[in-house]
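K.L.:
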Amino acid sequence: MRTILVSGGAGYIGSHTVRLLLEEGYRPVILDSLVTGHLSSALPEVPFFKGDIADGLLVRNIVQDLGIDAVIHFAARSLVGESMQKPDLYFHENTAKTNLFISALLSAGVKRVIFSSTAAAYGIPEQVPIPEAAATIPVNPYGASKRMIEQSFPWLEKAYGLEWISLRYFNAAGALFDGSLGEHHTPETHLIPLILRTALGRQEQISIFGTDYPTPDGTCIRDYIHVLDLAKAHILALAALEKGVGSGVFNVGTGSGHSVREVIETSRKITGRNIPVLECPRRPGDPAQLVAEADKIRTTFNWSPGYSSLDQIIESAWAWHRKNPDGFPH
Ligand SMILES: NC(=O)c1ccc[n+]([C@@H]2O[C@H](COP(=O)([O-])OP(=O)(O)OC[C@H]3O[C@@H](n4cnc5c(N)ncnc54)[C@H](O)[C@@H]3O)[C@@H](O)[C@H]2O)c1
Numbered sequence: 029m030r031t032i033l034v035s036g037g038a039g040y041i042g043s044h045t046v047r048l049l050l051e052e053g054y055r056p057v058i059l060d061s062l063v064t065g066h067l068s069s070a071l072p073e074v075p076f077f078k079g080d081i082a083d084g085l086l087v088r089n090i091v092q093d094l095g096i097d098a099v100i101h102f103a104a105r106s107l108v109g110e111s112m113q114k115p116d117l118y119f120h121e122n123t124a125k126t127n128l129f130i131s132a133l134l135s136a137g138v139k140r141v142i143f144s145s146t147a148a149a150y151g152i153p154e155q156v157p158i159p160e161a162a163a164t165i166p167v168n169p170y171g172a173s174k175r176m177i178e179q180s181f182p183w184l185e186k187a188y189g190l191e192w193i194s195l196r197y198f199n200a201a202g203a204l205f206d207g208s209l210g211e212h213h214t215p216e217t218h219l220i221p222l223i224l225r226t227a228l229g230r231q232e233q234i235s236i237f238g239t240d241y242p243t244p245d246g247t248c249i250r251d252y253i254h255v256l257d258l259a260k261a262h263i264l265a266l267a268a269l270e271k272g273v274g275s276g277v278f279n280v281g282t283g284s285g286h287s288v289r290e291v292i293e294t295s296r297k298i299t300g301r302n303i304p305v306l307e308c309p310r311r312p313g314d315p316a317q318l319v320a321e322a323d324k325i326r327t328t329f330n331w332s333p334g335y336s337s338l339d340q341i342i343e344s345a346w347a348w349h350r351k352n353p354d355g356f357p358h
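Going by my numbering, the first residue of the sequence shown is number 29, and it counts up by one from there.
#1: Which residues in the same chain have their Cβ closer than 8 Å to the Cβ of L209, if we skip the five residues on either side of it in sequence?
#2: Tell me the residue span of the beta strand (DSSP E) that contains T328.
#3: Take A148 as the anchor and find which of I342, R350 and R250 has the nearest alpha-carbon.
#4: Please report the distance separating the alpha-carbon of F181 from that of T299.
#5: Closer than 6 Å by C-beta to S336: which residues in its own chain qualify, once you throw out the five before and the five after it? Chain order, please.
#6: Let me know the secondary structure DSSP gives Q92 once reduced to three states.
#7: Using the Cα positions of D317 and K78, report the straight-line distance between them to the nearest angstrom.
#8: Just how far apart, CA to CA, sit F278 and F237?
#9: Quick one, are the C-beta atoms of D323 and C248 less than 9 Å apart?
#10: Cα separation between Y54 and A267?
#11: Can at least three beta-carbon pairs, one atom from the region 224-239 and one from the region 339-353, be found at a separation below 8 Å?
#12: Measure the alpha-carbon distance for G334 versus A187 and round it to whole angstroms.
#13: Using a 10 Å radius around the Cβ and a threshold of 16 neighbouring Cβ atoms, would you call W183 buried or exposed?
#14: CB-CB under 7 Å to I223, same chain, minus the five flanking residues each way: which ones, in chain order?
#15: Out of P75, T31 and I41, point me to the one whose CA is closest to V15's CA.
#16: Do K271 and W331 have their C-beta atoms within less than 9 Å of each other?
#17: Report the rounded CA-to-CA distance for T243 versus E321, giving the unit in angstroms.
#18: Looking only at its chain, what residues have a beta carbon closer than 6 Å to the beta carbon of P169, apart from the 5 residues adjacent to it on each side?
#19: For ligand 1, I want to know if G151 counts as a neighbour, meaning its beta carbon is within less than 8 Å of at least one of the ligand's heavy atoms.
#20: Buried or exposed: which applies to G37, given that a residue is buried once 16 or more other Cβ atoms fall within 10 Å of its Cβ?
#21: Checking the sheet assignment: what are the DSSP bridge partners for D60?
#22: Nearest to P153 by alpha carbon, out of S144, V167 and L306?
#23: To which residues of the same chain is Q92 closer than 7 Å at the C-beta, ignoring the five residues directly before and after it?
#24: Which of the three DSSP states is assigned to V108 in this structure?
#25: Am I right that I81 and L62 are in contact with their C-beta atoms under 8 Å? What's the rounded C-beta distance?
#26: Alpha carbon to alpha carbon, how far is L33 from N127?
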């Protein structure tokens with residue numbers, strides 16, 4: 029049985045990945061500082077270490093005591109707006125701390141890492157769908173902080189034999205279908221949770237930022253990927269490294285997108301609730317369309333999304349929000 033250290037395993041994507049690792053016969057171990065995560069998202073049977081990825085002593089002890097075979101590294105700050113206000117925080121938390129984390133892992137003998145990267149690494153795309161080979165010119169410190177780690181990997185591979193896969197996620201969304209686990213960020217900035225909070229009457233209206241984009245209905249188009257399909261991509265990436273597929277960067281998206289208005293319409297249909305909207309001007313730095321070219325992950329890992337129709341994403345997210353309108357208790 030493979031033992032996998034999951035940094036950020038008490039966060040949104042990490043907690044869903046931990047569930048899937050268990051189902052697929054792995055032994056997950058969580059390292060999480062709880063800076064944005066939730067202890068109550070973690071299962072009692074999964075070893076949990078409350079601590080920082082930059083704590084090298086703790087990391088080396090976990091590796092030695094639990095026999096870690098590989099790492100899935102989710103832990104990061106991920107608010108684009110906050111990164112514009114406090115770029116130093118993002119280069120410290122995401123770039124510098126990840127570098128310390130990887131150094132500690134390598135010195136303890138762990139050579140396999142799956143890294144959470146982001147479509148924000150591309151910046152404003154020149155072509156859509158976006159292939160992995162597209163230019164990476166981030167337009168915010170969040171995207172830059174992740175891209176810098178990707179740039180360090182080939183050097184660490186050359187010097188120390190690090191085997192790495194960087195997954196560039198597009199828009200993670202959805203939840204477990206039984207409503208027992210889902211998305212709870214504070215502040216929440218993601219479209220689907222904000223729409224469903226509006227459906228629940230927790231906020232008055234949902235703001236649409238920009239209705240004059242060059243898209244069929246004038247609103248921005250994004251590629252939504254169900255969190256369970258995203259979790260599966262990590263497990264296939266681990267297996268690929270074990271099989272010697274080799275290091276590299278992979279987009280994780282469906283290859284097609286939905287507009288903001290489409291997401292709101294589908295949410296109205298699924299919830300049966302009135303969801304008032306407020307049309308606002310564009311936000312600076314929002315590209316009209318962000319859609320992944322997803323051929324590389326499909327062909328290399330034999331991955332395909334199983335839950336990422338807009339209906340499935342919103343049905344599962346609605347199950348979570350309706351059951352847990354206040355999110356996790358702690
Ligand atoms: N949610 C998305 O749509 C999306 C899209 C692209 C990329 N990502 C990336 O995926 C990863 C997970 O995102 P999420 O939405 O689950 O975020 P999240 O905030 O829910 O989870 C991050 C987790 O990491 C922990 N953490 C943060 N800094 C830490 C540190 N220094 N030491 C230990 N633990 C720490 C937090 O407590 C939290 O549990 C992030 O790296 C994010 O940048 C997310």
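Note that beta-carbon positions come from the ideal geometry of N, C-alpha and C, so glycine has one too. Just so we're clear, the structure is a prediction, and the values are computed from it rather than from any experiment.
P.N.:
Based on what the coordinates show:
#1: S43, H44, R47, S69, A203 and W348
#2: Where T328 is concerned, there is no enclosing beta strand (DSSP E), although the alpha helix (DSSP H) it sits in stretches over D323 to F329.
#3: R250
#4: 44 Å
#5: I253, H254, D257 and T282
#6: helix
#7: Looking at the sequence itself, residue 317 is Gln, so the reference to Asp does not match. Cα to Cα, the separation comes out at about 38 Å.
#8: Answer to the nearest angstrom: the Cα atoms are 29 Å apart.
#9: no
#10: 11 Å
#11: yes
#12: Distance between the alpha carbons of G334 and A187: 38 Å.
#13: That one is exposed.
#14: I234, V291, I292, S295 and I303
#15: Since the first residue shown for the chain is 29 and the last is 358, residue 15 is missing from the structure and cannot be characterised.
#16: no
#17: 18 Å
#18: S111, P115 and Y118
#19: no
#20: Looking at its Cβ environment, which holds 16 or more other Cβ atoms inside 10 Å, G37 is buried.
#21: K78
#22: For the options S144, V167 and L306, the alpha carbon positioned closest to that of P153 is the one of V167.
#23: A136
#24: helix
#25: The Cβ separation is near 12 Å, so there is no contact.
#26: Rounded to the nearest angstrom, the two C-alpha atoms are 16 Å apart.
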